[in-house]
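Taking numbering that gives the first Met the number 0, I'd label the letters of the sequence shown as residues 0 to 81.
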Amino acid sequence: MDKTVKPTLIEVEGNELQFIRKHAPKAFVRIVSDALTKDGHKIDRVTVHRELHTIKDSYDSRIISKSRELLKILAHAEYASE
Numbered sequence: 000m001d002k003t004v005k006p007t008l009i010e011v012e013g014n015e016l017q018f019i020r021k022h023a024p025k026a027f028v029r030i031v032s033d034a035l036t037k038d039g040h041k042i043d044r045v046t047v048h049r050e051l052h053t054i055k056d057s058y059d060s061r062i063i064s065k066s067r068e069l070l071k072i073l074a075h076a077e078y079a080s081e
């Protein structure tokens with residue numbers, strides 16, 4: 000029996016990923032990883048980096064949601080889809 004929690008997957012626009020990368024502070028990947036670990040989700044920096052820098056069909060909702068939240072707090076930036 001698999002006891003690992005499967006993440007909820009969501010779709011994210013490529014433009015939003017570019018927006019996050021453009022406005023994110025220098026240590027953003029570490030900040031997101033540390034915040035998720037503090038929330039009880041053991042997600043390493045490599046996984047966060049991969050989610051924020053890879054174009055694919057679906058993304059881990061925990062990483063994207065935390066990235067949006069922290070970007071709004073740290074950079075005072077929020078993506079608005081067109």
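All residues carry an ideal CB built from backbone N, CA and C; glycine is no exception.
Predicted model, so just to flag it, every value in this text is computed and none were measured.
| Query | Result |
| --- | --- |
| Rounded straight-line distance, which links the Cα of Y58 to that of E10 | 6 Å |
| Closest residue to S32 among I19, A23, V47 and S60 (Cα-Cα distance) | V47 |
| Pairwise C-alpha distance: A79 and A34 | 23 Å |
| Residues that DSSP places opposite Y58 in a beta bridge | I9 |
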